[in-house]
Amino acid sequence: MARMSRRDFLKTGAAATIAGVSAGPAVVAGQSKEVVMLGIWPFTGPFADAGPLLDRGMKFAIEEWGTRVIGRPIKYITRDSETKAGPSTRRVEEAIESEGARFVIGPWSSGVALAVAEVAKRRKVLHYFSGGTEEISGKRCHRYSFQWAASPFTAMHIVMDSFMKRHPKAKRWYILVWDYAFGWSVEKYIKVAGQGHGVEFVGTDRVQLGTREWGGFVSKAAAANPDVLCMLTAAQDFIIAVREAHNFGLAPKVPIVQGWGLGSEELAQLDAKTRENLWTGTNGYYTANTAVARKYAESYEKKFGIPPGYPAIAAYSMTRLVLGGIERAKSAEPADVVKALEGWETDDWPGRVRIDPKTHQTVHDYFFLRCKRPNEMKHQHDYGEIVAFGSEPLMPEQYNECKDIGAL
Amino acid sequence: MADRGRALVRLVALVAAVAVLPLFVRPVVAAEIWIFAIAAMALNLIFGYTGMLSFGQATFFGIGAYAGALMMIHWQAPLLLALAGGAVLGALTAAVLGYLCIQRLGIYFIMLTFGFNQMFFFIAYKWTDLTGGEDGLPGVPRPPLALGPLHLPLNTATRYYLFVAVVFLLLFYAMKRIVDSPLGLICRSIRENPNRAAAIGYDVKLYKWIAFTIAGAFTGLAGVLYAMMYGIVPLEAISWITSGDIVFMVLIGGLGNLYGPLLGAAGLKWLSEAVSVVWQRWPLILGVALVLVVLYLRGGLVEALARLREALARRRLRPRVREESA
Amino acid sequence: MSVSLLSWAVLNGLVTGVIYALTGVGLSIILGLLNIPNFAHGALYALGAYFLYAAAQAALGFWGGLIAAALGVALLGMAIEYLGLRRLYGVHPDYALLLTFGLSLILTEATIFVWGPTGFTFQPPLMLAGGVNLGVMVYPKYRLMIMLATGLLVLGCWLFVERTKYGAIIRAGIEDRDMASALGINIRRVFTLGFAAGAALAGIGGALMLPVRGIAPTMGVEIMPVAFVVVVLGGLGSLPGAIVAGLLVGVFQSLMTALWAPGADASVFALMTLGILLRPQGLLGQR
């Protein structure tokens, strides 16, 4: 082998690099016919049970729509968010680059959503997310990200107001809340809502997502002698904590109020006795009385044997709104769809739905349920009755940190 | 003389590999390979060359990442200053922790590095005002490379890759010099027989400490590069899982060899990118690979390649031998 | 802190502490006997819970399931020692550590493969459901059972190791395996059984915790750090040390949760670090 001089090698290296650089973009240009939609869902990690449900909801909506939009076929792809910011951002970028994804729905965790929103902003793809953090339509707002879930301000007020109307003397609240973006928002606003009723928050424990050892926290809550045990958690963490509350003698004597729950699939995991004196607020409970909701509940239950919960409902509704936006814009360019969505008022799953153009907050009803006692249940899935719902009070200006949503 | 020739060929092959890698994987993945190669090189210095198995390198990776990110976010620090900041903080932390860990040997050393890693992980987790906690620290900018008259923005993936590649090559060269220097030789003698090294008169603890601190500096710098890649410092950067990944890379690639960690980093990152999309359970392959390496191929990929080369060479020799004896 | 909170915290601490002790004893046996830090210990702990879950679903019931879990994990432990670790005895201990690390990945992924990535919750047997009124507060029956049963098990281990002939063999193997071998003890068999026993203890720990904490593929990863803290704090190779350290860490962590919850996790490791630096041989270790 002939010995090359160092200079020659540097030249070869530079040439190779330039060749590599120019080869890249050619790959992506290929996929222009299909409309590629990405569902970034948690298939592993602490929210692994929500992943398949979200996948169901999105797929349902796409199939219902005929798997075509504005005359083009829809390609639905999913990636595992793992409920971790690192892998999620990596996979969203990869889906945008190699699959040509232009519409990103998800993830499920508020913390990861903030990271994904940054990617959406940088890569200018449409991003729809449902979760409890106020920042997507607040401090971190930008033209490409939309928030589906009710604003935590509104949601926590509905929970607090309806509960206190029935229990005016329950002034001592103990809070167990998840220690990340989701928890910080809902905790802030339950306390704001509580002020209006003279509620005293006798203790707050901020707990890691995925905590399984609830004995210590439930003991602390019990020792504080509260009138209400308020859980701003969901999924497995919530189920274990509720059971422990019963084991430690706190429930059902003391009511448990879940601020932001997952609806039917979550409630199904508790037995009827454990659901006694349990109250839950949620973005989606299947008995919502709207045309879209009734139809969805029926078809979903027929297909999967259980009515849909918040995850399946949110994914379904978000996908419908995005597809509706594409139809309205008559274009699959994210920027055009953004403009079509802003200010749009239509009927979807929760009933009347309006997308605020200044903050990209989707305004719709939030629901508050009282779980039924065993003898009140009319059938296997009759977990609770909706005692209140509404889309007001709207978050006042002073709290909204989305001052300038920016340009496209 | 032939030795130096082989070394030059290897170096040149490395530069070529760095140049053509983006043809085979996305620039972002390629950049991540070299970033972790830096961290793996650092661990190789203390494990492969000095014989100390640290199961807590993510401590310095994470601290470097957070430090650099915070400097860029809050003080608008320029690129090179942020990199230096990560390296310095990585070195300082390693100096302090290293001093404590080195007091003990064997399993205790491993447990101390692991324990400190856990401690810093939980601190990072709970100090949400500083680190963002579980959500990670977002909004990390990518300042342009400003050096004298040169002003190069790094906003595209390919440009950032080039920058990372150059930094990596420079650090690789530095590591090569360290390993070939008297310090490197002393470290190797410590690994082989610490008692003998002490008997000759070397302050074993001092040299271990120096190696540990240098490794901390390299790892911290790698952390800053990682933070700028996706514009976020995820909590996993400081988790013991990342420490484990770095250990993997060194082991699978080949201990005590300068190129081993690079092969390990490339292998691990490629696996996690390429295979994870196809099969969710790909860490199973990783576990199997590790088990096989530990049982049968303790020299790692480097040894595998060497054996392959020998096998091919032997096949070429055989016909000639038969002719002679005929 | 009120009396009821203190009592709760101490009891909770003893419950987790006794499980930590059990896991720590298992890890300590393996570490002391085979000189291997078993990084697969967490995965074995998780597998114990999964085996119980599977056995209970297969109509073996809770108690039958517990036994099945213990046996299952013990057999797995034997296989691991015989097929894998045995080959690495002459080689540097770092490699054995890495083997167990690789195994932990394989086991965890296999678990997800078989049972899926989501977690499950599990109801305790009916007679142990609910709480019992202890006067100053109500305490869950199941947790009391854990304390009692595991306490007895741990005591049994200690008595076995300290007071029986076979225990003496184990202690001899820990102290000086070459000498023990020279004295005619089949040290290889001791190793296999020792690893199996250590694994079984981890598996029982995981199984017992199932109704309290539910099950998830990551539960092994969570118990690992604490198990190592317990072993190091107690003294490598010292089983009484692991017991004392386990209880200490459990109660300490529980009190910290009650007093300053955000710092509870980090402080456990600060405790370990302090322990290693101030008293490297551990509370009751000899080396």
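Protein chains in written order, with this note's numbering: chain A, 7 to 414; chain B, 40 to 365; chain C, 7 to 293.
Note that beta-carbon positions come from the ideal geometry of N, C-alpha and C, so glycine has one too.
Computed from a predicted model, the values in this text were never measured in an experiment.
- Residue contact check for C:Arg-285 against chain A: no CB pair falls below 8 angstroms.
- Close CB contacts of C:Gly-19 within its chain, under the 6 angstroms cut and outside five residues either way in sequence, are with Gly-256, Val-257 and Ser-260 (chain order).
- When the five nearest sequence neighbours on each side are left out, the beta carbons in the same chain lying within less than 8 angstroms of the beta carbon of C:Ala-155 are those of Leu-214, in order along the chain.
- With its beta carbon at least 8 angstroms from every one in chain A, C:Trp-121 lies outside the interface.
- DSSP lists C:Val-144 as the beta-bridge partner residues of C:Asn-139.
- Straight through space, the alpha carbons of C:Thr-117 and A:Lys-130 are spaced by roughly 39 angstroms.
- Between the region 238-246 of chain B and the region 62-73 of chain A, the count of Cβ pairs shorter than 8 angstroms is below three; the stretches do not touch.
- For C:Leu-58 and A:Thr-280, the gap between their C-alpha atoms comes out near 23 angstroms.
- Spanning the alpha carbons of A:Ala-199 and A:Arg-172 requires a straight line of approximately 15 angstroms.
- Secondary structure note for A:His-133: it is in no alpha helix (DSSP H), and the uninterrupted beta strand (DSSP E) holding it is 132-135.
- The beta-carbon separation of C:Ala-49 and C:Gly-226, rounded to 4 angstroms, stays under the 8 angstroms limit for a contact.
- Chain B places a beta carbon closer than 8 angstroms to that of A:Phe-49, counting this residue as a contact.
- Taking a C-beta distance under 8 angstroms as the contact criterion, A:Thr-239 and A:Val-183 qualify as a contact pair.
- The DSSP-derived three-state label of A:Trp-47 is strand.
- Secondary structure at B:Val-64: coil, using DSSP grouped into helix, strand and coil.
- DSSP assignment within the region 65-110 of chain A yields the following whole alpha helix (DSSP H) runs of 4 residues or more, N-terminal first: 91-100.
- B:Cys-226: member of the alpha helix (DSSP H) spanning 221-231, first to last residue.
- Contact annotation: B:Phe-257 and B:Ala-81 have beta-carbon atoms nearer than 8 angstroms.
- Taking a beta-carbon distance threshold of 8 angstroms, B:Gly-283 counts as an interface residue toward chain C.
- Bounds of any alpha helix (DSSP H) do not take in A:Cys-236; it lies within the beta strand (DSSP E) bounded by 234-238.
- Secondary structure within the region 48-95 of chain B: not one fully enclosed beta strand (DSSP E) run of 3 or more consecutive residues is present.
- Within chain B, the C-beta atoms nearer than 9 angstroms to that of C:Ala-272 come from Gln-157, Met-158, Phe-159, Phe-160, Phe-161, Ile-162, Tyr-164 and Lys-165, in chain order.
- Counted as a single uninterrupted DSSP element, the alpha helix (DSSP H) harbouring C:Leu-111 occupies residues 99-121.
- Under DSSP, A:Thr-286 takes part in a beta bridge, and its partners are A:Gln-264 and A:Leu-375.
- By a beta-carbon distance limit of 8 angstroms, C:Gly-125 contacts C:Ile-221. Their separation comes to about 6 angstroms.
- Judged by DSSP secondary structure, B:Ser-311 falls outside any beta strand (DSSP E); it is assigned neither H nor E.
- Cβ proximity to chain C below 7 angstroms picks out nothing from the region 156-176 of chain A.
- Take A:Ala-338, set aside five residues on each side of it, and the residues of its chain with a beta-carbon closer than 6 angstroms to its own are Val-41 and Ile-332, in chain order.
- In the DSSP assignment, B:Gln-142 falls outside any alpha helix (DSSP H), carrying neither H nor E.
- Shown in chain order are the members of the region 109-122 of chain A whose Cβ falls below 7 angstroms from a Cβ of chain B: Gly-117, Leu-120 and Ala-121.
- Neighbours of C:Ala-248 across chain B, judged by C-beta separation under 8 angstroms, do not exist; the nearest C-beta is about 14 angstroms away.
- Look at the region 90-118 of chain B: the residues with a C-beta under 7 angstroms from a C-beta of chain C are Leu-92.
- Taking a contact as a CB-CB distance under 8 angstroms, the pair C:Val-79 and C:Leu-103 does not count as one, their CB atoms being some 20 angstroms apart.
- Apart from the 5 residues on each side of it in sequence, B:Ile-85 sits with its Cβ closer than 7 angstroms to the Cβ of Met-91, Ser-93, Ala-250, Phe-251 and Ala-254 in its chain, given in chain order.
- Using a Cβ-Cβ cut-off of 8 angstroms, C:Thr-263 is close to Gly-222, Phe-223 and Lys-226 of chain A, given in chain order.
- At a C-beta separation below 9 angstroms, C:Val-144 has these neighbours in chain A: Ala-228, Asn-253, Phe-254, Gly-255 and Leu-256.
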